Amino acid sequence: KLWIAFAARVAGSVVVDDGARRAVVERATSLLPAGVVKAEGRFVAGETVDVRSADGRVFARGMVSVDALDLARIAGLHTRDLPDGLVHEVVHRDDLVLLPE
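If you want the working numbering, it's the position in the sequence shown, counting the first as 1, plus 2.
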């Protein structure tokens, strides 16, 4: 997974709320749409994005499972409220690397 953190080109960023940041950092969970505040930049599924806290600090980097336009539509939605056909994880924990803060 080190290639995600240090070798992949970063295509954009995903800003998350504090609850999502804590879940990712403390419990090593996947990043779910419910914790997403907004998407920044233009990216497509499979590209690498920075994961930022609400104060702008990058705390993780990962391979996103959804493009920026779809993410903007589902940001803040709980899994049960997602439209059919969209993935449930924005960044799966297996594709997510925590960075030193």
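All residues carry an ideal CB built from backbone N, CA and C; glycine is no exception.
Keep in mind it's a predicted model, so treat the numbers as computed, not measured.
Per the Cβ contact rule, the stretch 35 to 45 is in contact with the stretch 68 to 81 (3 or more Cβ pairs under 8 Å). Boundaries of the beta strand (DSSP E) harbouring residue 52: 50 to 54, taken from the DSSP string. Look at residue 98 here: in three-state DSSP terms it is strand. Closest by C-alpha distance to residue 19, out of 96, 26 and 56, is 56. By the beta-carbon neighbour count (other beta carbons within 10 angstroms, threshold 16), residue 23 is buried. Following the DSSP letters along the chain, one finds residue 14 inside the beta strand (DSSP E) bounded by residues 12 to 18. Excluding sequence positions up to five before and after residue 15, its CB lies within less than 8 Å of the CB of 41, 42, 43, 51, 52, 53, 54 and 60, all in the same chain and listed in chain order. The residues 26, 27, 61 and 62, in chain order, have a CB closer than 8 Å to that of residue 100 in the same chain once the five nearest residues on each side in sequence are set aside.
The three-state reading of DSSP puts residue 75 in helix, counting H, G and I together.
CA-to-CA, the gap between residue 48 and residue 11 works out to about 11 Å.
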